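A short write-up of the structure that comes next.
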Amino acid sequence: MSDWPTSTIDRRELLSRLFPAPDEYLFISGLAGPARDAADLTGDGDNLYTMAGTMGAAVSMGLGVALSAPEARVAVITGDGELLMNVGALCTVANQTPANLSIVCIDNACHGETGGQVGMTAGLTNLTAIAAGAGIGSVMTISSAEEIEVAVGFLTDSAAPRFLCCRVIAGPPVNFNRDLDLARCRRRFRNAYLGAAE
Amino acid sequence: MIAPAVPTPEEWPETVFAVLIEAGVWLFAYVPDAGNKHLIELADAHPVARTVLLTTEEEGIALCAGADLVGKRAILCMQSSGVGNCPNFLTLAKGAGFPILMMVSMRGGPKEQNPWQKPMGEAVEPILHAMGVATFAIHTSQELGPAMETAIHAAFETGQAAALVLTQTFLGVKQF
Numbered sequence: 001m002s003d004w005p006t007s008t009i010d011r012r013e014l015l016s017r018l019f020p021a022p023d024e025y026l027f028i029s030g031l032a033g034p035a036r037d038a039a040d041l042t043g044d045g046d047n048l049y050t051m052a053g054t055m056g057a058a059v060s061m062g063l064g065v066a067l068s069a070p071e072a073r074v075a076v077i078t079g080d081g082e083l084l085m086n087v088g089a090l091c092t093v094a095n096q097t098p099a100n101l102s103i104v105c106i107d108n109a110c111h112g113e114t115g116g117q118v119g120m121t122a123g124l125t126n127l128t129a130i131a132a133g134a135g136i137g138s139v140m141t142i143s144s145a146e147e148i149e150v151a152v153g154f155l156t157d158s159a160a161p162r163f164l165c166c167r168v169i170a171g172p173p174v175n176f177n178r179d180l181d182l183a184r185c186r187r188r189f190r191n192a193y194l195g196a197a198e
Numbered sequence: 199m200i201a202p203a204v205p206t207p208e209e210w211p212e213t214v215f216a217v218l219i220e221a222g223v224w225l226f227a228y229v230p231d232a233g234n235k236h237l238i239e240l241a242d243a244h245p246v247a248r249t250v251l252l253t254t255e256e257e258g259i260a261l262c263a264g265a266d267l268v269g270k271r272a273i274l275c276m277q278s279s280g281v282g283n284c285p286n287f288l289t290l291a292k293g294a295g296f297p298i299l300m301m302v303s304m305r306g307g308p309k310e311q312n313p314w315q316k317p318m319g320e321a322v323e324p325i326l327h328a329m330g331v332a333t334f335a336i337h338t339s340q341e342l343g344p345a346m347e348t349a350i351h352a353a354f355e356t357g358q359a360a361a362l363v364l365t366q367t368f369l370g371v372k373q374f
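In order, the protein sequences belong to chains A and B.
1 is the number of the first residue of the first sequence in my numbering; add one for each residue after it.
199 is the number of the first residue of the second sequence in my numbering; add one for each residue after it.
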């Protein structure tokens, strides 16, 4: 097994500290815990599209947004299981070099949504090393609450695309019930963005 | 608008590319295949169009959906085998109404020389139909223009995901 430092980050307060001004971003989140955390951050706002299926789609959808809206700041909120299901997308991001895309992985080293089964990042798999190997130039891992402030600077000041792996305590996400109507949420996001762009 | 002349087999990528650009498509996501090689070269050479090389076709479904979230149009190009990598992500088409437009270059047809291509080749249309994607098979140059017009309208005007299926009758059969 790996010798990860014991995390002291409670995910339920992570995103609000990483993104003190969430209205300045367009957010895409993968399914399960990261979607609940992201919905809590934005109040399930219309600058967020969350998934509750299509595991592995978040990074690619975020890349599509980032390339198509280069003036926007785009952040993908994903988890270790979701990211590993389509880890090749990190290679695609790296080679497209979007200057407006951040990927934040909430790595709890388990599959929290389905019963807390142990995940591969509890073992030998290192997502930050994978992101660096994919070619993403700005990568960072944090595992203590004290490091969150450093990560805030990383998300604003390092060269994008950037990848931030947040090793968190394997506790529950925020208990936030978001809108699961995938078609309505598409229209909500689109109308808000296109209305704001006019 | 004057209807475009029926293209020769050699110049169909120029026709397809021109129609897509005219329709506002700017993002060309693809997994390389002989059937989309020239189309992607045309997109690479275009001042506005952007190509995105993928590691697996399913990435492209999500990428096209992301473009739509901010009002931009995209197409996903792949070989028939890649359709098998897409069904779960096609939830975004069937469930959410994202306007997914695909171009599938076929393998595994009647004169296919590689037996590994046959199972997926035969499953392309059943899989796409099961996940809510309408298919428009192109066998001759005469069918290309009308099929493209219908597929583009379906995707971007009505939210009906659509796939242009370029058959081996149209593309020619790879020789081994």
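Just so you know, even glycine gets a beta-carbon here, dropped at the ideal spot from N, CA and C.
Being a predicted model, the structure only gives us computed values, none of them experimental.
Inter-residue spacing [alpha-carbon to alpha-carbon] between residue i and residue j
{"i": "Asn175(A)", "j": "Gly123(A)", "result": "27 Å"}
{"i": "Pro230(B)", "j": "Ala145(A)", "result": "44 Å"}
{"i": "Ala159(A)", "j": "Ala99(A)", "result": "7 Å"}
{"i": "Thr114(A)", "j": "Trp4(A)", "result": "23 Å"}
{"i": "Gly222(B)", "j": "Ala359(B)", "result": "16 Å"}
{"i": "Ala58(A)", "j": "Val152(A)", "result": "21 Å"}
{"i": "Ile273(B)", "j": "Thr8(A)", "result": "44 Å"}
{"i": "Ala52(A)", "j": "Cys262(B)", "result": "18 Å"}
{"i": "Ala170(A)", "j": "Phe163(A)", "result": "20 Å"}
{"i": "Pro297(B)", "j": "Gly79(A)", "result": "27 Å"}
{"i": "Arg178(A)", "j": "Arg36(A)", "result": "7 Å"}
{"i": "Gly306(B)", "j": "Leu290(B)", "result": "27 Å"}
{"i": "Thr97(A)", "j": "Cys91(A)", "result": "10 Å"}
{"i": "Ala260(B)", "j": "Thr254(B)", "result": "11 Å"}
{"i": "Thr121(A)", "j": "Ala129(A)", "result": "11 Å"}
{"i": "Pro161(A)", "j": "Trp224(B)", "result": "21 Å"}
{"i": "Thr249(B)", "j": "Thr141(A)", "result": "31 Å"}
{"i": "Asn108(A)", "j": "Val168(A)", "result": "5 Å"}
{"i": "Ile238(B)", "j": "Tyr228(B)", "result": "8 Å"}
{"i": "Asp23(A)", "j": "Ala216(B)", "result": "38 Å"}
{"i": "Met199(B)", "j": "Glu220(B)", "result": "Residue placement at Met199(B) is flagged as unreliable, the pLDDT there being 47, under the threshold of 50; the coordinate-derived value follows with that caveat. Those two C-alpha atoms are separated by around 12 Å."}
{"i": "Ser138(A)", "j": "Val93(A)", "result": "12 Å"}
{"i": "Ala294(B)", "j": "Ala192(A)", "result": "17 Å"}
{"i": "Asp46(A)", "j": "Ile336(B)", "result": "40 Å"}
{"i": "Ala247(B)", "j": "Gly116(A)", "result": "44 Å"}
Inter-residue CB distance, residue i and residue j (contact presumed, cutoff 8 Å)
{"i": "Leu67(A)", "j": "Gly269(B)", "result": "Contact doesn't hold; Cβ gap of about 13 Å is too wide."}
{"i": "Gly62(A)", "j": "Gly264(B)", "result": "6 Å"}
{"i": "Val104(A)", "j": "Val76(A)", "result": "7 Å"}
{"i": "Pro304(B)", "j": "Val322(B)", "result": "Note that residue 304(B) is Met in the sequence shown here, rather than Pro. About 7 Å separates the two Cβ atoms, so the contact holds."}
{"i": "Leu252(B)", "j": "Val302(B)", "result": "Not confirmed; about 14 Å, so no contact."}
{"i": "Pro211(B)", "j": "His236(B)", "result": "4 Å"}
{"i": "Leu83(A)", "j": "Leu127(A)", "result": "6 Å"}
{"i": "Val371(B)", "j": "Lys292(B)", "result": "Wrong, their Cβ atoms sit about 32 Å apart, outside the cutoff."}
Within-8 Å CB hit, residue i to chain A
{"i": "Glu257(B)", "result": "yes"}
{"i": "Cys262(B)", "result": "yes"}
{"i": "Ala359(B)", "result": "no"}
{"i": "Met199(B)", "result": "Annotation note: pLDDT 47 at Met199(B) (below 50); position unreliable, coordinate value reported separately. False, the Cβ-Cβ gap to chain A never drops below 8 Å."}
{"i": "Leu326(B)", "result": "no"}
{"i": "Asn286(B)", "result": "yes"}
{"i": "Leu296(B)", "result": "Looking at the sequence shown, residue 296(B) is not Leu but Phe. Chain A contact via Cβ: present."}
{"i": "Leu290(B)", "result": "yes"}
{"i": "Gly280(B)", "result": "no"}
{"i": "Ala422(B)", "result": "The requested residue 422(B) does not occur in the structure, where chain B is confined to residues 199 to 374."}
{"i": "Thr254(B)", "result": "yes"}
{"i": "Val302(B)", "result": "no"}
{"i": "Lys316(B)", "result": "no"}
{"i": "Ala272(B)", "result": "yes"}
{"i": "Val331(B)", "result": "no"}
{"i": "Ala265(B)", "result": "yes"}
{"i": "Val268(B)", "result": "yes"}
{"i": "Gly222(B)", "result": "no"}
{"i": "Gly293(B)", "result": "yes"}
{"i": "Val250(B)", "result": "yes"}
Chain B contact for residue i (CB, 8 Å cutoff)
{"i": "Arg190(A)", "result": "yes"}
{"i": "Cys110(A)", "result": "no"}
{"i": "Val65(A)", "result": "yes"}
{"i": "Tyr25(A)", "result": "no"}
{"i": "Met1(A)", "result": "Note that Met1(A) scores a pLDDT of 46, beneath 50, so its modelled location is shaky; the value from the coordinates is reported in the next line. Met1(A) does not count as touching chain B."}
{"i": "Ser60(A)", "result": "yes"}
{"i": "Arg162(A)", "result": "no"}
{"i": "Cys220(A)", "result": "Absent from the structure is residue 220(A), since the part of chain A shown begins at 1 and ends at 198."}
{"i": "Ala122(A)", "result": "no"}
{"i": "Arg186(A)", "result": "yes"}
{"i": "Gly153(A)", "result": "no"}
{"i": "Leu182(A)", "result": "yes"}
Residues bridged to residue i [DSSP beta-bridge criterion]
{"i": "Val104(A)", "result": "Ile77(A), Leu164(A)"}
{"i": "Cys185(A)", "result": "The partner list for Cys185(A) (beta bridge, DSSP) is empty, contrary to what the question assumes."}
{"i": "Pro28(A)", "result": "First, the amino acid is wrong: residue 28(A) is Ile here, not Pro. BP columns for Ile28(A) point to Tyr49(A), Val76(A)."}
{"i": "Cys110(A)", "result": "Val118(A)"}
{"i": "Val331(B)", "result": "DSSP output for Val331(B) lists no bridge partner at all."}
{"i": "Thr367(B)", "result": "Its beta-bridge partners do not exist; DSSP assigns none."}
{"i": "Leu396(B)", "result": "Residue numbering for chain B in the displayed model covers 199 to 374; residue 396(B) lies beyond these limits and cannot be assessed."}
Next on the checklist: Give the list of continuous alpha helix (DSSP H) stretches no shorter than 4 residues that lie fully inside the region 273-313 of chain B.
Outcome noted: 289-292
Item to check | Uninterrupted beta strand (DSSP E) stretches inside the region 35-101 of chain A (no shorter than 3 residues) | outcome: 48-50, 73-79
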